[in-house]
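Taking UniProt numbering, the leading residue of the sequence shown gets 1, the next gets one more, and so forth.
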Amino acid sequence: MDAMDIDDVTLALVRQVERLRLNDPDEIALIRQIEQLHLDDDPDELDSNITLDREEPMLGDCDDVEQSQSSQSSSLSSQSFMEESQSSDFQFDESQTSSFSSSTPYVKYLPTIFSPASHVPYMTTTNNWITAYFNEYTASLSNVERFTRYCRPSFRLNYNQLQSQSGPDNFVIPTTKWIAVNRGLSSLESTSLPRIPELKAAFDALASVHQTNGHSILTVSKLDNLAIKYNILSGKWLIFTSVNTVDALWQDVVQMVCMYRQRGFAKVSVNQEEEVGKMNNSRVICVYVEDFTDLEEVRSLRDDLRTVVGVERKIPFKMDAYSHMGIYKGNKWGISPARWFE
Numbered sequence: 001m002d003a004m005d006i007d008d009v010t011l012a013l014v015r016q017v018e019r020l021r022l023n024d025p026d027e028i029a030l031i032r033q034i035e036q037l038h039l040d041d042d043p044d045e046l047d048s049n050i051t052l053d054r055e056e057p058m059l060g061d062c063d064d065v066e067q068s069q070s071s072q073s074s075s076l077s078s079q080s081f082m083e084e085s086q087s088s089d090f091q092f093d094e095s096q097t098s099s100f101s102s103s104t105p106y107v108k109y110l111p112t113i114f115s116p117a118s119h120v121p122y123m124t125t126t127n128n129w130i131t132a133y134f135n136e137y138t139a140s141l142s143n144v145e146r147f148t149r150y151c152r153p154s155f156r157l158n159y160n161q162l163q164s165q166s167g168p169d170n171f172v173i174p175t176t177k178w179i180a181v182n183r184g185l186s187s188l189e190s191t192s193l194p195r196i197p198e199l200k201a202a203f204d205a206l207a208s209v210h211q212t213n214g215h216s217i218l219t220v221s222k223l224d225n226l227a228i229k230y231n232i233l234s235g236k237w238l239i240f241t242s243v244n245t246v247d248a249l250w251q252d253v254v255q256m257v258c259m260y261r262q263r264g265f266a267k268v269s270v271n272q273e274e275e276v277g278k279m280n281n282s283r284v285i286c287v288y289v290e291d292f293t294d295l296e297e298v299r300s301l302r303d304d305l306r307t308v309v310g311v312e313r314k315i316p317f318k319m320d321a322y323s324h325m326g327i328y329k330g331n332k333w334g335i336s337p338a339r340w341f342e
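Encoded structure:
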């Protein structure tokens with residue numbers, strides 16, 4: 001058995017141990033602590049700032065959504081949740097080395113991720129994102145395993161050795177914040193673009209008169225209607241985990257999105273600072289749906305996360321519109337940031 005075979009076997013064993021740890025009582029307790037940790041309230045940073053102190057609405061409690069769905073087109077624009085990972089993208093190439101500060105090894109080793117004899121996914125980087133674009137030709141088990149092997153979200157920044165952790169076995173660099181996969185959207189065609197400024201203005205107007213005669217007018221139903229009116233329909237299931245198990249869990253999610261469901265978008269957090277000079281050991285995986293009013297798709301994705309990936313504990317679903325409206329944990333309106341919790 002040559003060195004590469006030994007490396008592959010070792011990695012497989014490590015991943016298997018990580019998967020076993022997902023059901024370990026100590027690991028479950030750690031994940032619960034992570035779920036209760038208030039990470040960040042900045043909408044431009046992590047989406048993982050949801051902590052839940054009470055039982056949240058179930059998908060069965062969705063009459064308002066279904067009523068809204070029947071009166072609105074289920075149009076979608078991918079811009080709502082993928083523009084961050086697509087703007088100013090460029091294909092990795094050694095000629096682009098000058099575009100990176102202190103990342104030459106990162107670019108240099110990228111061509112070795114995939115076998116040159118096979119179809120390979122297109123990879124881009126911008127704004128501290130690594131994104132791999134898979135399609136029907138590139139979504140193979142080999143490509144998924146190689147991508148998740150060499151771009152690992154368990155990367156932890158060593159402040160004393162900023163350059164040493166990037167190399168031929170790990171292409172995540174100190175400035176990486178998100179790793180993402182894009183398997184493409186559904187066949188739905190968008191008829192309009194998301195109108196984020198208008199959404200914010202409408203929400204601010206409602207929030208300014210939050211209570212009338214002692215009764216709250218800022219309800220979940222009205223927020224749903226705002227999201228639909230201004231075409232901010234995307235949302236995501238959030239899976240909190242620890243740095244100990246995130247690599248195996250992320251690989252399973254990527255495999256589910258790229259090979260099992262053959263559509264969708266997912267991302268995982270990397271290198272998020274808890275405070276200056278101190279890194280978080282928690283991670284969050286966001287798995288998206290294009291339209292939160294498509295309850296069949298929302299349920300289907302949750303079911304696949306449960307049966308294909310093995311995420312059986314309850315997890316929150318957050319609408320992207322809530323992020324744009326600034327609805328986070330402990331908000332002054334008393335609105336849960338999770339639309340559903342299952």
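No residue lacks a Cβ here, since even glycine has one placed at the ideal position from N, Cα and C.
This one's a predicted model, so the numbers in the text were calculated from it and none came from an experiment.
Under the DSSP assignment, Tyr-150 falls outside any beta strand (DSSP E), being part of the alpha helix (DSSP H) whose first and last residues are 141-150.
Within a 10 Å sphere around the beta-carbon of Thr-293 sit 16 or more other beta-carbons, which makes this residue buried. The Cβ atoms of Cys-286 and Val-308 do not sit closer than 9 Å to each other.
Here DSSP, grouped into helix, strand and coil, assigns Tyr-122 to strand.
Non-local beta-carbon contacts of Tyr-137 in its own chain, meaning distances under 8 Å to residues more than five positions away in sequence, involve His-119 in chain order.
Rounded to whole angstroms, the gap between the alpha carbons of Trp-333 and Ser-221 is 14 Å. Take Val-254, set aside five residues on each side of it, and the residues of its chain with a beta-carbon closer than 6 Å to its own are Val-144, Thr-148 and Val-181, in chain order. Cys-286 is bridged by DSSP to Leu-238 and Lys-267.
The region 217-237 makes contact with the region 196-209, as at least three CB pairs between them are under 8 Å.
The continuous alpha helix (DSSP H) containing Ala-227 extends over residues 220-229. If you check the CB distance, Ile-113 and Phe-171 come in under 9 Å. Taking C-beta atoms as the reference points, Ser-142 and Asp-247 fail to come closer than 9 Å. By the Cβ neighbour-count rule, Arg-156 is exposed, with fewer than 16 other Cβ atoms within 10 Å of its own. Beta-bridge partners assigned by DSSP to Val-309: none are found. Straight through space, the alpha carbons of Ser-282 and Ile-335 are spaced by roughly 25 Å. Per DSSP, Pro-197 lies in no beta strand (DSSP E) segment; the continuous alpha helix (DSSP H) that holds it begins and ends at 196-208. Here Trp-340 carries a strand assignment [DSSP, helix/strand/coil].
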